[in-house]
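Working notes, beginning with the structure itself.
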Amino acid sequence: MKISLGPIHYHWSKETIEQFYQSAATWPVDIVYLGETVCAKRRALSRADWLNIAAFLTDAGKEVVLSTLALPEANSDLLQLEKICANTDYLVEANDMSAVHLLTGRFPFVAGPHINCYNNKTLSLLAEFGVVRWVPPVELSATTIGTLQNMRPAAMETEVFAYGYLPLSFSARCFTARADNIGKDACEQRCIRDPEGRPLFTQEHERLFTMNGIQLQSGVPCDLLHETGAMLNMNIDIVRISPQLKDTDTVVKLFQATLNGASISEDTLRSPACNGYWHGLPGMAFTPA
0 MKISLGPIHY
10 HWSKETIEQF
20 YQSAATWPVD
30 IVYLGETVCA
40 KRRALSRADW
50 LNIAAFLTDA
60 GKEVVLSTLA
70 LPEANSDLLQ
80 LEKICANTDY
90 LVEANDMSAV
100 HLLTGRFPFV
110 AGPHINCYNN
120 KTLSLLAEFG
130 VVRWVPPVEL
140 SATTIGTLQN
150 MRPAAMETEV
160 FAYGYLPLSF
170 SARCFTARAD
180 NIGKDACEQR
190 CIRDPEGRPL
200 FTQEHERLFT
210 MNGIQLQSGV
220 PCDLLHETGA
230 MLNMNIDIVR
240 ISPQLKDTDT
250 VVKLFQATLN
260 GASISEDTLR
270 SPACNGYWHG
280 LPGMAFTPA
C-alpha cells in the first residue's frame, strides 16, 4: 500500500509552502498532490511556482498529481483549470465535473474526493471517461467502499482519505469573511491568519467544525491509522494524509511504520479524533480499534 500527501487545504504563505515541500521530499510518501483546491483568491504561488515544486518532487522520486479547484466560480477560474488539464507532464486530480469534462477522452486522471461517486455504475462511467484512480467521498463507510472495491473496473486504484480534517462542504460564500463581518469580495484573504483553519464550537464548548475560507471541515481530524490492516484486506491501494502546519512528517512516519507491521499506541496521534464515517456512524464519532 502506498502513502500519498493530499493537497494543502489551507492558505499558507509562499515561503511556508515551499519549506513544507522541501521537507516532504525526504518523507516516505509515494505520491504528492499539488495545487489550490479551496479558493481561487489564494495566489501565494503562481502556476509556474507550483510546476517548479512539481519538478523538484519528481526529481526526489515522488509521483506528482496536480489537483484542481472543488468550486470554480469565475471565468478566470475556468481558464486556469483549462491550463492545468491541458498539461502533459503530470496526472490531474479532478475535483469537480468541469475538470472531468476537460479531461475526458484526453488524458488519464484521478477522481478526487469531491466527485460524487457513490455506486458502481458511476465508478464504471468514470472509468470510461479516463479515471484510473478514485478517492471515495469522505462520508463513505468501509462497508460501502468494500462493496465498490469488489465491483470496481479493472486497473482502477482506490485511495482512502486516512488522516486529517475532513473536507465536508464548500460554499459560494466565505465562512471566514462572514465570521469577521466583512464581505467575500473584501476578504483581504484573512484565512491566511488561520493556517490550520478556525474552530467552531457548540454551546457545550465542543469543537464541531473548522472554518477554512469557503470550505467547512470536521472539527477534529479523521484518524484511520489503526484501520490500515482492514484496508490491506480490502485491497486499498493508497492512504491519503492531508497536510497540516505541524507534525505531518510524524503522521507520515507512523503510517509507514504501521504498514510495515509496527504496533502503534492508539493515543499516539492528535486527540480527540474521529473515524465515524468509516464505521458507518455519525462522522464526528470515534470508535477505538
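The opening residue of the sequence shown carries number 0 in numbering that gives the first Met the number 0; numbering runs sequentially from there. Yeah, the Cβ is synthetic: ideal placement off N, Cα and C, and Gly gets one too. Note that the structure is predicted; figures quoted are calculated from it, not measured.
Sub-9 Å separation of residue i and residue j beta-carbons
| i | j | result |
| --- | --- | --- |
| Leu-151 | Thr-157 | Reading off the sequence shown, one finds Arg at residue 151, where the question assumed Leu. Yes. Within cutoff. |
| Ser-3 | Val-31 | yes |
| Ser-168 | Gln-214 | yes |
| Val-137 | Cys-221 | yes |
| Leu-44 | Val-63 | no |
| Ala-110 | Gln-79 | no |
| Phe-108 | Val-134 | no |
| Arg-41 | Gly-182 | no |
| Ala-161 | Leu-223 | yes |
| Gly-129 | Leu-102 | yes |
| Asp-193 | Met-210 | yes |
Neighbour-count burial assignment, residue i, 16 or more Cβ in a 10 Å radius
| i | result |
| --- | --- |
| Ala-171 | exposed |
| Ser-217 | buried |
| Met-283 | buried |
| His-100 | exposed |
| Leu-253 | buried |
| Gly-104 | exposed |
| Met-96 | exposed |
| Asn-74 | exposed |
Contact set for residue i: own chain, Cβ-Cβ below 6 Å, skip 5 residues either direction
| i | result |
| --- | --- |
| Gly-145 | Met-233 |
| Ile-7 | Pro-242 |
| His-113 | Ala-69, Asn-94 |
| Gly-5 | Tyr-32, Arg-239, Ser-241 |
| Ala-141 | Trp-277 |
| Leu-77 | Pro-71 |
| Ile-191 | His-10 |
Residue i - partner residues in DSSP beta bridges
| i | result |
| --- | --- |
| Glu-156 | Arg-132 |
| Pro-166 | Gln-216 |
| Tyr-32 | Val-64 |
| Ile-2 | Val-238 |
| Pro-198 | Thr-209 |
Neighbourhood of residue i by C-beta distance below 7 Å, restricted to the same chain and skipping five residues each side
| i | result |
| --- | --- |
| Arg-206 | Pro-198, Phe-200, Gly-218, Val-219 |
| Asn-86 | Leu-65 |
| Ala-126 | Pro-152, Met-155 |
| Ile-263 | Leu-224, Leu-253, Ala-256, Thr-257 |
Own chain residues within Cβ distance below 8 Å of residue i, not counting five before or after
| i | result |
| --- | --- |
| Ala-24 | Phe-55, Leu-56, Ala-59, Lys-61 |
| Met-0 | Thr-227, Met-230, Leu-231, Ile-235, Asp-236, Ile-237, Val-238, Leu-258 |
| Asp-29 | Lys-1, Ile-2, Ser-3, Lys-61, Glu-62, Ile-237 |
Runs of alpha helix (DSSP H) wholly within the region 209 to 250 (minimum 4 residues, chain order):
Listed in chain order, the alpha helix (DSSP H) runs fully inside the region 209 to 250 are 227 to 232, counting runs of at least 4 residues.
For a minimum of 4 consecutive residues, which ranges assigned as the alpha helix (DSSP H) are wholly contained in the region 43 to 131?
Counting only runs of at least 4 residues, the region 43 to 131 fully encloses the following alpha helix (DSSP H) elements, listed from N- to C-terminal order: 46 to 58, 74 to 85, 96 to 102, 119 to 128.
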